[in-house]
Amino acid sequence: MTDRSVTHASFVIERVYDASPARVFAAFSDPAARDRWFVKSDSWPIAEYTFDFRVGGRESGRFSPDGTMMVYNETIYQDIVPDNRMVFAYTMMIGDKRISASLATVELKSEGKKTRLFYTEQGAFLDGLDQVADREKGCRDLYEQLAVELERDTATA
Amino acid sequence: MFQALADPARRMMVDRLCRGPASVSELAGPLTMSLPSVMQHLQVLELSGLVHSRKIGRVRTCTIDRQVLTQAEQWISDRRALWERRLDALGEYLADNPEEPEPIQTAANQGSET
Chain S
-8 MTDRSVTHAS FVIERVYDAS PARVFAAFSD PAARDRWFVK SDSWPIAEYT FDFRVGGRES
52 GRFSPDGTMM VYNETIYQDI VPDNRMVFAY TMMIGDKRIS ASLATVELKS EGKKTRLFYT
112 EQGAFLDGLD QVADREKGCR DLYEQLAVEL ERDTATA
Chain F
613 MFQALADPAR RMMVDRLCRG PASVSELAGP LTMSLPSVMQ HLQVLELSGL VHSRKIGRVR
673 TCTIDRQVLT QAEQWISDRR ALWERRLDAL GEYLADNPEE PEPIQTAANQ GSET
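Same order as they appear, the protein sequences are chains S and F. When the letters of the first sequence are read in order and numbered with our numbering, they come out as residues -8 to 148. When the letters of the second sequence are read in order and numbered with our numbering, they come out as residues 613 to 726.
Rendered as structure tokens:
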């Protein structure tokens, strides 16, 4: 693909876990725990994986969903407040093409014995590489979905 | 892109353009604002890449770029699905591993001492 384009977008995902913020944070920071839910959650054969959880530290992985296509994930941790939040920048590549560069924030809020997690991703989506063939969706549907995303963003901001 | 859709007047303009190309005065029709204000909103929409306009004679005709809408929507839904899956896996992991972790060494985790 020779077309160069950048699309900026952001979204928020919210989850409530029946666990303390310390337990949720440990699941992110402990390599063995992280391996179980994060690294292997997509069940992709893993070619390479490194994890250095500290500010300025890197996490990088090479995965192959089908044994031929290679997906690279490269993360740098920008901010870590134990049991509270993590901010990291990451890029994704498919083969030799970078498809996105994002800033992600994970926030943990204590709610009684539970934890409310907010995952916010703000991304630059590059060259339309993720794009699937045109789908049978009206223009209005698309824009309404975007408006909903936007309201989610402002509601949780 | 999201900034462009953050304003209700601009959302009305996009909504109108979803039905087909329109002139600036057609876009201004349902809005209670001056023509210069409408032009300003149009400029924001054009900068976002969402709307294109072309002047033919005295009439400026605006059209929507469906490609831009599709790309943003596709990006969000793919990336959201990936993280929804991961965060669901985290929930399963937490349910299977109820023990509290050892208290953490804050300094080591923040990398301020190594």
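Glycine is no exception: its CB is placed at the ideal position from the N, C-alpha and C atoms.
Here residue 64 (chain S) is bridged, per DSSP, to S:52, S:83. Within the same chain, 74 come within 7 Å of residue 13 (chain S) by CB-CB distance, once the 5 residues on both sides are set aside. For residue 689 (chain F), the secondary structure class from DSSP, reduced to helix, strand or coil, is helix. In the structure shown, residue 654 (chain F) falls within a helical segment according to DSSP collapsed to helix, strand and coil. In this structure residue 110 (chain S) touches residue 695 (chain F) by the C-beta definition: roughly 6 Å separates them, less than 8 Å. For residue 622 (chain F), none of the residues of chain S pass the 7 Å Cβ criterion, the least Cβ distance being about 11 Å.
Closest in alpha carbon position to residue 83 (chain S), among F:665, F:636, F:621, F:691, is F:691. When only Cα atoms are considered, residue 715 (chain F) and residue 113 (chain S) end up about 32 Å apart. DSSP places residue 14 (chain S) inside the alpha helix (DSSP H), whose first and last residues are 12 to 20.
What residue 703 (chain F) touches in chain S, judged by beta-carbon distance under 8 Å, is 6, 8, going in chain order. By the neighbour-count definition (other C-beta atoms within 10 Å, threshold 16), residue 632 (chain F) is an exposed residue. Residue 704 (chain F) has its alpha-carbon roughly 20 Å from the corresponding atom of residue 103 (chain S). DSSP, reduced to helix, strand and coil, places residue 645 (chain F) outside both helices and strands of the structure shown, so it counts as coil. With a contact defined as Cβ atoms closer than 8 Å, residue 671 (chain F) and residue 622 (chain F) miss out at about 21 Å.
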